[in-house]
Amino acid sequence: MDSEALRKFSALHPRPAGLTLHYGTAGFRSAAQHLDHVVFRMGLLAALRSKAVTATIGIMVTASHNPEEDNGVKLVDPLGEMLHPSWEEYATQLANAEEQELEKVVTEICQKAAVNLHKDASVFIGRDTRPSSKKLSQSVIDGIQVLGGQYHDYGLVTTPQLHYMVCCQNTQGQYGKATLEGYYEKLSKAFMELIKQSHCSGEFQRHLKIDCANGIGALKLSEMKPYFPQEVVFHIYNDGTKEKLNHLCGADFVKVHQKPPGGLDMKPNERCCSFDGDADRIVYYYKDTAGHFHLIDGDKIATLISIFLKELLAKVTLTYEMNMAVVQTAYANGNSTRYLQETLKVPVHCVKTGVKHLHHKAQEFDVGVYFEANGHGTVLFSKAAETKIRQLVKEEKDNEKREAAKMLENMIDLINQTVGDAVSDMLVIEAILALKGLSVQHWDALYADLPNRLLKVQVADRRVIDTTDAERRALTPPGLQEKIDALVQKYRLARAFVRPSGTEDVVRIYAEADTQENADALAHEVSLAVFHLAGGKGAPPQPI
Ligand code: G16
Numbered sequence: 001m002d003s004e005a006l007r008k009f010s011a012l013h014p015r016p017a018g019l020t021l022h023y024g025t026a027g028f029r030s031a032a033q034h035l036d037h038v039v040f041r042m043g044l045l046a047a048l049r050s051k052a053v054t055a056t057i058g059i060m061v062t063a064s065h066n067p068e069e070d071n072g073v074k075l076v077d078p079l080g081e082m083l084h085p086s087w088e089e090y091a092t093q094l095a096n097a098e099e100q101e102l103e104k105v106v107t108e109i110c111q112k113a114a115v116n117l118h119k120d121a122s123v124f125i126g127r128d129t130r131p132s133s134k135k136l137s138q139s140v141i142d143g144i145q146v147l148g149g150q151y152h153d154y155g156l157v158t159t160p161q162l163h164y165m166v167c168c169q170n171t172q173g174q175y176g177k178a179t180l181e182g183y184y185e186k187l188s189k190a191f192m193e194l195i196k197q198s199h200c201s202g203e204f205q206r207h208l209k210i211d212c213a214n215g216i217g218a219l220k221l222s223e224m225k226p227y228f229p230q231e232v233v234f235h236i237y238n239d240g241t242k243e244k245l246n247h248l249c250g251a252d253f254v255k256v257h258q259k260p261p262g263g264l265d266m267k268p269n270e271r272c273c274s275f276d277g278d279a280d281r282i283v284y285y286y287k288d289t290a291g292h293f294h295l296i297d298g299d300k301i302a303t304l305i306s307i308f309l310k311e312l313l314a315k316v317t318l319t320y321e322m323n324m325a326v327v328q329t330a331y332a333n334g335n336s337t338r339y340l341q342e343t344l345k346v347p348v349h350c351v352k353t354g355v356k357h358l359h360h361k362a363q364e365f366d367v368g369v370y371f372e373a374n375g376h377g378t379v380l381f382s383k384a385a386e387t388k389i390r391q392l393v394k395e396e397k398d399n400e401k402r403e404a405a406k407m408l409e410n411m412i413d414l415i416n417q418t419v420g421d422a423v424s425d426m427l428v429i430e431a432i433l434a435l436k437g438l439s440v441q442h443w444d445a446l447y448a449d450l451p452n453r454l455l456k457v458q459v460a461d462r463r464v465i466d467t468t469d470a471e472r473r474a475l476t477p478p479g480l481q482e483k484i485d486a487l488v489q490k491y492r493l494a495r496a497f498v499r500p501s502g503t504e505d506v507v508r509i510y511a512e513a514d515t516q517e518n519a520d521a522l523a524h525e526v527s528l529a530v531f532h533l534a535g536g537k538g539a540p541p542q543p544i
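Residue 193 in UniProt numbering sits at position 193 of the sequence shown, and the numbers go up by one each step.
This is the structure we're talking about:
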């Protein structure tokens, strides 16, 4: 290691005194002005990880759904997954090391993780549209170069596009070409192939209004437009030319507030959707003729995809048995879980919040559908399932089975299997709706969501809350879970839980019950319990 270069460059990216940050749900997140040293050091970490696994690693500068003033960094492992959990601790150590200790910490990581510093390193970099992102990505480059690493800067890309590039690069092109053109070509081709199989393909016309959260999704969808024929009409709203990123718009705003985004004019029964700030989440919605807003969140997206895949798998099953499961988190609406288990008869698993947990669980199945209620999700196909499906397309004599296998093959190519991807998920949903001849209202009517409410409470230190049972029960502070249990008892069909956010300095509260009034009242009572038992800051939460 070039100690002199490390000293010189770390002095250019000093750590603000007394600032401690932790690797959260999806990397580091904070006010952008606090992050220069973190991203420089994550450049170092990415180079170390690359040397350790002899593969290209990705770094995305983004704070996704957070306000425009925040920023953050997500690290991408070789097959496009989130950074391996065993390295999260190294990331936190490196981010918080005193400047004079940095070399020692790097050496310790090399020893613990068996990193040979003489090996080559390769890192792919991407960034979102935040004003602070360009400068921060330059600091990432400094970190990579200090350890002699090579880099490719993709500039402005969505988070899932960067995950895709990393996977393509490390699979020697088997997953696709590691270019934006390669991504657009692969997805648009699979989408158009699927649509061709639709009975009404002759009169096929897709109109969809898309709120891009004033973020990167707008830029990338515009770039993708020429890859589609004229019949596919995506109307882009909140493209970032007028308003601030994520301000009163985007998937997180729509999901949390259960209302339409600003800047999108919605006519009755029109299908609309929202991306988040880095385009890795999507939710759908519409307004009925009476003016009521209907949210179609990640749970209903997972349900639609599961229905479609299950039907196709049933058609090819006589030839090859494939197991399928859905992975959710504690935020999944109780009625979605009931529908999947009792009506669709698909096994459902619950894991902790964070794509890394869902992705990991979904890898256990031939077909693993995973979605967070907030709209972050995808489908994973096992290698064995993929090989079998591709073989059936080539060899199956029975027309119906071959057609089903062909649809599955196109789904495999259309779905970004590396991570949740708003663009890819949107195309998957649009294709399924067209193939099944379903309107957004039919889709919404699959089951009725239990009324629910998401709240946030600020406390002095959110880490006083520790949870268990996939975050459904609080272990600390003492007495909190007992209080929540007693409150839940007061309402019908009720459920509530609390957990510290890993992306914002807040405690999150979720409640559901038989009516919206009861869900709101329960959420408020639980938020008061958190405020009093976990050291709330400022004024106590007000009723909704
Ligand atoms: C990230 C994670 C998601 C998680 C969300 C909220 O999303 O990738 O898995 O659901 O944060 O996490 P928390 O409740 O811990 O704040 P994004 O889209 O913001 O990167």
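All C-beta atoms, glycine included, are put in the ideal place defined by N, C-alpha and C.
From a predicted model like this one, the values you see are computed outputs, not experimental measurements.
Within 7 Å of the C-beta of G176 there is not a single heavy atom belonging to the ligand G16.
Annotation for D505: Q458, R462 place their beta carbon closer than 8 Å to its own, counting only its chain and skipping 5 residues before and after. Scanning the segment 427–501 for uninterrupted alpha helix (DSSP H) segments of 4 residues or longer gives 440–444, 480–489, listed from N- to C-terminal end. Contact between the segment 345–363 and the segment 323–336 is present: 3 or more CB-CB pairs across the two stretches fall below 8 Å. By the 16-neighbour rule on beta-carbons within 10 angstroms, A511 is buried. Below 8 Å, too few C-beta pairs join the segment 460–477 and the segment 181–200 to call them touching: fewer than three. Counting the other CB atoms within 10 Å of its CB gives T418 a total of 16 or more, which places it among the buried residues. For secondary structure counted as the alpha helix (DSSP H) over 4 or more consecutive residues, the segment 246–306 holds these complete runs in sequence order: 251–257. Proximity of the beta carbon of A523 to the ligand G16 is not indicated: no heavy atom of the ligand is located closer than 7 Å. Per DSSP, F124 lies in no alpha helix (DSSP H); the unbroken beta strand (DSSP E) holding it starts and ends at 122–127. Relative to the ligand G16, the beta carbon of S133 is positioned no closer than 7 Å to any heavy atom. Between the segment 7–19 and the segment 52–63 there are fewer than three C-beta pairs closer than 8 Å, too few to call the two in contact. Taking the Cβ of A31 as the reference point, every heavy atom of the ligand G16 lies at 7 Å or farther away. For the ligand G16, residues qualifying as neighbours are T25, A26, S64, H65, D276, D280, R281, T353, G354, V355, E372, N374, H376, S501, G502, T503, E504, R508, where qualification means a beta carbon closer than 6 Å to at least one of its heavy atoms (chain order). In this structure the segment 300–311 does not touch the segment 259–278; the number of beta carbon pairs closer than 8 Å is below three. Closest in alpha carbon position to A404, among D413, I415, L392, L433, is L392. Per DSSP, C350 is one residue of the beta strand (DSSP E) stretching across 348–351.
Beta-carbon to beta-carbon, N452 and A519 are separated by about 5 Å, close enough to satisfy the 8 Å threshold. Spanning the alpha carbons of D252 and L295 requires a straight line of approximately 12 Å.
Contact between the segment 31–45 and the segment 348–366 is absent: fewer than 3 CB-CB pairs across the two stretches fall below 8 Å.
If you compare the alpha carbons of F293, Y285, L313, E231 with that of K300, the shortest gap goes to Y285.
The alpha carbon of L102 has as its nearest neighbour, out of L44, A52, I509, W443, the alpha carbon of L44. Contact between I109 and D153 is absent: CB atoms are separated by about 24 Å, not below the 8 Å threshold. As computed with DSSP, F40 is found in no beta bridge at all. With contact defined as three or more Cβ pairs closer than 8 Å, the segment 78–98 and the segment 159–166 are in contact. One alpha carbon belongs to L136, the other to A95, and they sit about 14 Å apart. Taking a 10 Å sphere around the C-beta of Q489, we find fewer than 16 other C-beta atoms and assign the residue as exposed.
Taken through DSSP and simplified to helix, strand or coil, D142 comes out as helix. Between the segment 223–238 and the segment 208–215, the count of C-beta pairs closer than 8 Å reaches three or more; the two stretches touch. The secondary-structure analysis by DSSP pairs E512 across a beta bridge with N452, R495.
Here the alpha carbons of K186 and M224 stand approximately 11 Å from one another. Membership of I236 in the beta strand (DSSP E) is indicated by the continuous run 232–237. Distances from the CA of T317 to each of C249, K388, N374, A218 were compared; the closest alpha carbon is that of K388.
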